[in-house]
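Protein chains in written order, with the numbering used here: chain A, 13 to 479; chain B, 13 to 479.
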């Protein structure tokens with residue numbers, strides 16, 4: 013009995029110590045996280061970097077001279093910061109050019125000629141010099157084409173007009189539900205001998221901006237030219253089709269694929285003090301559509317990645333694990349940068365990627381992070397970190413998350429935690445892939461709070477790992 | 013023993029029923045709340061109303077012809093909706109006019125003459141026709157004046173230049189910490205025989221827009237003319253003062269108080285079916301500063317109030333308690349509407365206000381509600397409602413909240429719950445009281461989600477009361 017009491021006391025005092033130690037650790041971490049946010053808001057650089065990237069370089073599609081300038085600029089920024097290692101990783105990328113500005117017109121005997129706002133979809137072939145002029149068949153879903161059959165589609169332009177669903181609170185869900193029209197619509201229409209494709213812009217806004225974005229051709233099928241049409245004009249076309257089903261649509265595009273060219277991922281890192289071979293990646297993508305300035309998509313993610321490392325320097329904190337900022341090339345129309353990075357990482361047996369955060373959802377007020385990993389204990393550990401972030405308005409720590417560029421890492425590193433940064437999603441698709449994705453539509457504080465949030469999570473990951 | 017078992021079974025089955033009933037109620041409420049959000053996003057009217065109020069009426073300071081038009085418009089909207097009762101409540105308001113556009117200039121022997129962006133503070137007296145020209149003394153806080161004394165202040169312009177604190181995550185906290193300069197600075201400076209006042213604009217942005225807002229004169233002291241200066245120009249002036257302390261500042265304003273005129277609160281209600289004498293108020297303020305269009309401040313709150321009642325009509329839900337939308341007049345420079353409403357409510361012994369929600373923090377993504385009430389059980393009941401709102405991104409249900417217009421109700425109705433609607437605060441002060449508080453800076457979905465959130469809370473309040 014005495015022995016029992018004795019061991020109980022021992023156990024009790026040990027558990028007290030653990031609690032006290034954990035509590036003091038937690039208090040200390042809370043203080044450090046506060047410092048990350050303070051530094052992001054008071055000494056932030058990401059807003060001025062984004063100004064330069066958006067306004068001095070602008071749209072920077074893979075392979076373009078602007079993309080090349082962005083690569084040099086990003087390397088220069090990281091060199092200047094004296095990260096422990098800064099380098100370029102070669103990657104071959106497709107080089108697609110838009111050419112001359114697109115034209116689009118409704119031609120109706122009933123209503124006359126009506127100009128509409130269109131832009132070529134990325135990777136699309138262009139029309140010939142006369143453009144395409146044909147009757148229009150409107151559908152809401154890819155699988156309607158099979159029901160309509162070749163008879164009703166042959167020689168026509170297929171008009172995909174399913175709107176993004178406004179009722180989803182997370183607008184990315186609506187995007188995911190609608191984007192098959194843009195990505196796969198051209199090849200689906202080619203099966204039935206259509207001559208061109210119009211896709212309703214992927215946005216919840218009602219306005220006059222066409223939103224581009226990539227399509228993927230099935231190489232076994234004819235490549236049809238495809239354009240996005242603004243939502244206002246999509247509604248107009250749909251309405252006019254009801255009253256004049258015989259109307260024709262004309263569009264002309266000058267775009268073409270120029271082949272493959274050499275480009276780069278831009279990489280910079282701060283080496284870990286205790287576990288330098290454990291890599292925690294933070295990334296965004298450097299390429300951006302040519303019609304806007306790629307401020308939210310994904311200039312924000314690029315400056316988040318660099319800034320979150322710089323904040324460690326500002327605070328004089330050496331991370332225990334290696335932090336690596338990766339600005340990927342070619343997310344928009346090929347994902348070559350992400351694939352190349354993952355392949356190289358798989359070949360490097362000296363390193364182990366334990367976590368990767370991607371910021372590719374815009375520079376809006378931070379709301380949380382999403383986590384994908386196989387180990388349930390790891391997930392549980394990650395989700396508990398929400399307690400540190402609630403004071404900063406981040407409540408959404410949830411299962412499921414990542415990003416396009418970091419997703420190939422999963423193929424080679426099973427135990428990796430893929431993490432998606434979650435900012436407020438309400439405005440994102442207003443700007444996404446459109447000419448209004450410009451610096452003026454980014455709010456400084458919202459952007460900076462994102463950098464602070466990502467840096468704070470990097471800190472916890474580098475201190476405590478993922479196991 | 014048997015009897016005990018029997019009563020245990022009875023109790024157990026009763027408790028099961030209670031649980032089941034509560035669960036089914038909760039499930040049902042969740043469905044109805046989903047319907048409110050769906051209707052707000054799919055059949056919303058608030059965005060088009062705000063378009064009209066901002067772009068067709070615009071700035072509408074108390075007493076102005078625009079304010080009068082806004083009163084008529086708001087009544088017309090509610091009449092058209094066929095609310096059970098729509099009426100105007102008379103209220104005498106101060107009528108302050110800005111007059112001709114303001115001028116501001118730094119005059120330095122070292123740097124020459126530099127134009128700066130200023131605007132008169134609301135309620136300020138104007139300068140004479142020659143304007144005010146004097147040396148400048150810069151301070152960061154009201155209490156510095158006492159230390160400086162009359163000797164150093166007499167004949168000078170006092171320049172209040174304490175910035176809003178960027179580190180607060182909730183920007184309203186920073187506003188509260190800085191706004192004494194604007195509200196009380198002129199009279200404080202008058203104590204020491206200053207000749208005018210410049211106040212750094214109340215914003216966290218670094219830009220060229222001066223932000224107006226009201227000051228309050230101590231009637232026992234001389235009324236000094238006061239202007240706000242843009243944050244960029246405040247920094248410029250401060251920097252130049254360091255290098256040339258003898259520089260002079262010139263400003264000219266044409267503003268004046270025109271006396272009191274008759275105006276109105278605009279009120280519309282849907283009568284409760286079970287407890288018609290229990291009033292749940294939802295309000296915003298109809299007056300707005302003259303330099304912008306008052307889109308966020310507080311056009312958003314006005315259309316939220318009307319829309320949240322209309323959503324009950326859309327869904328065909330008759331509230332158990334009376335819902336009353338009140339668009340208050342004169343929040344910005346007098347609060348006469350809020351005071352008048354509360355006095356009238358106190359005299360009406362047939363009614364009891366059980367809750368009042370104010371939306372006066374802009375039309376941004378909803379984040380939660382703040383509750384002020386004396387009864388701890390009531391507070392606890394309110395805070396638990398967060399569970400219904402988390403799926404829509406609202407996590408901040410917290411103690412403390414209300415709004416300027418509804419605050420006087422507390423004096424007469426001790427048991428009332430005052431509720432402040434909490435949207436994301438990051439961008440609010442960028443626009444607040446400045447010429448860029450315009451419709452184009454309001455996002456449709458963010459505005460509509462606010463209306464859905466407020467309607468959903470009104471529903472819970474009207475179903476279950478506050479006790």
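C-beta atoms are modelled at their ideal positions from N, C-alpha and C, and glycine is treated no differently.
Indicate whether at least one CB of chain A lies closer than 7 Å to the CB of residue i.
i: residue 223 of chain B; result: no
i: residue 50 of chain B; result: yes
i: residue 37 of chain B; result: no
i: residue 333 of chain B; result: no
i: residue 439 of chain B; result: yes
Rounded to whole angstroms, how far is the Cβ of residue i from the Cβ of residue j, which I believe are closer than 8 Å?
i: residue 109 of chain A; j: residue 270 of chain A; result: 6 Å
i: residue 259 of chain A; j: residue 148 of chain A; result: 7 Å
i: residue 376 of chain A; j: residue 435 of chain A; result: 4 Å
i: residue 451 of chain B; j: residue 62 of chain B; result: 6 Å
Looking at chain B, is there any beta carbon in it that lies within less than 7 Å of the beta carbon of residue i?
i: residue 458 of chain A; result: yes
i: residue 14 of chain A; result: With a pLDDT of only 49 at residue 14 of chain A, under 50, the local geometry of the prediction cannot be trusted, and no value is derived from it.
i: residue 286 of chain A; result: no
i: residue 362 of chain A; result: no
Would you mind working out which of the options sits nearest residue i, comparing C-alpha positions?
i: residue 385 of chain A; options: A/368, A/232, A/134; result: A/368
i: residue 154 of chain A; options: A/238, A/200, A/125; result: A/200
i: residue 308 of chain B; options: B/231, B/198, B/239, B/448; result: B/448
i: residue 470 of chain B; options: B/433, B/113, B/457, B/443; result: B/433
i: residue 243 of chain B; options: B/131, B/381, B/121; result: B/131
i: residue 275 of chain B; options: B/303, B/343, B/319, B/262; result: B/343
i: residue 227 of chain A; options: A/429, A/352, A/427, A/211; result: A/211
i: residue 287 of chain B; options: B/390, B/80, B/478, B/397; result: B/478
i: residue 328 of chain B; options: B/216, B/48, B/112; result: B/48
i: residue 213 of chain B; options: B/206, B/462, B/222, B/205; result: B/222
i: residue 280 of chain B; options: B/137, B/233, B/294; result: B/294
i: residue 480 of chain A; options: A/246, A/441, A/454, A/452; result: In the structure as shown, chain A starts at 13 and stops at 479, and residue 480 of chain A therefore has no counterpart that could be examined.
i: residue 55 of chain A; options: A/324, A/85, A/256; result: A/324
i: residue 179 of chain A; options: B/473, B/464, B/311, B/299; result: B/464
Given that residue i touches chain A, what residues does it touch there, using C-beta distances under 8 Å?
i: residue 404 of chain B; result: 181
Compute the minimum distance between the beta carbon of residue i and the heavy atoms of the ligand NAP, and state whether it is under 6 Å.
i: residue 226 of chain B; result: Ligands displayed in this structure: none; no statement on the ligand NAP is therefore possible.
Can you name the residues of chain B whose CB is closer than 7 Å to the CB of residue i?
i: residue 407 of chain A; result: 407
i: residue 395 of chain A; result: Near residue 395 of chain A there are no residues of chain B at all, since even the closest Cβ is about 15 Å away, more than 7 Å.
Between which two residues does the beta strand (DSSP E) carrying residue i extend?
i: residue 99 of chain B; result: 97–109
i: residue 149 of chain B; result: 144–151
i: residue 74 of chain B; result: Careful: residue 74 of chain B lies outside any beta strand (DSSP E) and carries neither H nor E.
i: residue 404 of chain B; result: That residue, residue 404 of chain B, is in no beta strand (DSSP E); it is neither H nor E in DSSP.
i: residue 221 of chain A; result: No beta strand (DSSP E) holds residue 221 of chain A; DSSP gives it neither H nor E.
i: residue 364 of chain B; result: 364–370
Who are the neighbours of residue i on chain A, taking C-beta pairs under 7 Å?
i: residue 436 of chain B; result: 377, 436
i: residue 216 of chain B; result: 457
Within the continuous alpha helix (DSSP H) that includes residue i, where are the two ends?
i: residue 83 of chain B; result: 77–92
i: residue 260 of chain B; result: Counting along the chain, residue 260 of chain B falls outside any alpha helix (DSSP H), though it belongs to the beta strand (DSSP E) covering 260–264.
i: residue 475 of chain B; result: 456–476
i: residue 184 of chain A; result: 183–190
i: residue 271 of chain A; result: Not the alpha helix (DSSP H): residue 271 of chain A falls in the beta strand (DSSP E), residues 268–282.
i: residue 157 of chain B; result: 156–165
i: residue 392 of chain B; result: 388–396
i: residue 319 of chain B; result: 312–327
Going along chain B, which residues have a C-beta under 8 Å from residue i?
i: residue 53 of chain A; result: 178, 179
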